[in-house]
Amino acid sequence: MEELELLSEVARLYYENNMTQNEIAKHIHTSRSTVSRLLQEAREKKVVEIHIHYPWDRSPVLEHQLLTKFGLKDIRILEAQNRRGEETLRGVALLAARYIDSVIKEDSILGISWGKALHNTVEALNPNRKIPIKVVQLFGAAIPNSQTDGFNVVRKTAAIYGGKCYYIHAPLFVGSSEARDVLIENPHIKETLRIAEEADIIVTGIGSLEPTVSPSQTWLSYLSKEAIEQLKRKGAAGHICAHHYDIMGNVLPLKLHAGIVGVGIELLKKVPVVIGIASGTEKARAIIGALNGKLINTLITDDRTAEKILELSSESFNI
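The end of the sequence shown is residue 341 by my numbering, with every number in the run present.
Shown next as structure tokens:
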């Protein structure tokens, strides 16, 4: 049997007939190690070419570029194709939901922030299992009685998995660090924050301060439009978990941060899996800042946003 014919036959038996390497070795009267070598050679000589058809239209080339450039733990990038606006957001949410379900395991502690991206992601969750997990609200209420608030996102996530939820019954911000310190001594809040410190997965959105992005109701509840403009002038590129940071990921020294009722920003650098979900080219600078500051180690976004991230991060004078 000629070499290419042998390689083709071994590949056919392995990939099409689903025979094991031991079974193939017996079939062609050789050793298992020889079969392993022949399969490797078949790939090297292009007798066999493997094409992975990623579900949900992923972009593996962009995933590899961003993964290596920013030293990420993991990444998922939606190949948006002709999708626009809300359709792209739903696609990213679906990717995020599938990813979260893949990393959650029995007894996981899942910390949840708030926002539209998280709401959409939870809406897309459809696990085929119930497992004992803990779902923890990381911050007080950003937008009370809103479907996108942390309370509702936590409640729904816990219900989907049959897990237990832990809430922070307090506002997102209070007027001073002293008022915050009093609140977090509340036994229920204190216990929730203790559990949050043990989280092995955190899921968060990433907010932008680009001129094309209108301030969310969250910030307008605590900051005037002029104060938000001052933040931009101070170099704020984005915000994550209620903290504003610059393009290099440095958290800005703002009085506002001292009144946050929730976990500290440093927790994001300790938790094994921190998933940032964000879509839209207007969020590229905010995402770059979060990546530079190691505030997330897993990114889920779309291809147009990913391309903008690569463009901006390669033009250091722009950032």
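For every residue, glycine included, the Cβ atom is placed at its ideal position computed from N, Cα and C.
Handout entry: Three-state class that DSSP yields for Gly133 in the structure shown
Key = The three-state reading of DSSP puts Gly133 in strand, counting E and B together.
Problem - Distance, Glu27 Cα to Leu334 Cα - result: Those two C-alpha atoms are separated by around 50 Å.
Exercise for the section: Excluding the 5 residues preceding and the 5 following His210 in the sequence, name in chain order all residues of the same chain whose CB lies nearer than 6 Å to its CB. Expected result: So the list is empty, once near-sequence residues are dropped.
Practice task
Note the first and the last residue of the continuous alpha helix (DSSP H) segment covering Leu84.
Solution key: For Leu84, the enclosing alpha helix (DSSP H) starts and ends at Pro82 to Phe92.
Problem - Where Arg98 falls: helix, strand or coil (DSSP) - result: Three-state DSSP puts Arg98 in a strand.
Practice task
Indicate whether the contact test is met: 3 or more Cβ pairs, each with one atom in the stretch 171–180 and one in the stretch 87–94, closer than 8 Å.
Solution key: Contact between the stretch 171–180 and the stretch 87–94 is absent, because fewer than three Cβ pairs lie under 8 Å.
Problem - Ala258 versus Val285: straight-line alpha-carbon distance, rounded - result: Roughly 21 Å between the two C-alpha positions.
Practice task
Pick helix, strand or coil for Tyr189, following the three-state DSSP scheme.
Solution key: Coil at Tyr189, not helix or strand.
Handout entry: C-alpha distance - Leu231 paired with Lys127, whole-angstrom precision
Key = C-alpha separation (whole angstroms): 35 Å.
Practice task
Rounded to whole angstroms, what's the CA-CA distance from Glu24 to Ile72? Just pull it up for me.
Solution key: In this structure, the alpha-carbon of Glu24 lies about 23 Å from that of Ile72.
Practice task
Indicate the three-state DSSP secondary structure (helix, strand or coil) for Leu321 in the structure shown.
Solution key: If DSSP states are grouped into helix, strand and coil, Leu321 belongs with the strands.
Problem - Same chain only: Cβ atoms within 8 Å of Ala115, ignoring 5 sequence neighbours per side - result: Within the same chain, Cβ atoms closer than 8 Å to the Cβ of Ala115 are found at Ala139, Asn142, Thr143, Glu145, Ala146 and Ile299, the five residues on either side in sequence being excluded.
Practice task
Can you tell me which of the three DSSP states Ser53 falls into?
Solution key: Of the three classes helix, strand and coil, the one that applies to Ser53 here is coil, per DSSP.
Exercise for the section: Measure the C-alpha to C-alpha separation of His86 and Ala163 and round it to an integer number of angstroms. Expected result: For His86 and Ala163, the gap between their C-alpha atoms comes out near 37 Å.
Problem - the stretch 273–292 touching the stretch 187–204, judged by at least three CB pairs closer than 8 Å - result: A contact exists between the stretch 273–292 and the stretch 187–204.
Practice task
Could you tell me whether the stretch 129–138 touches the stretch 217–232, using the rule of 3 or more Cβ pairs below 8 Å?
Solution key: Yes, they touch.
Practice task
Determine the direct distance from the alpha carbon of His191 to that of Val83, and round the result to whole angstroms.
Solution key: Separation of Val83 and His191 (C-alpha to C-alpha, rounded to the nearest whole angstrom) is 43 Å.
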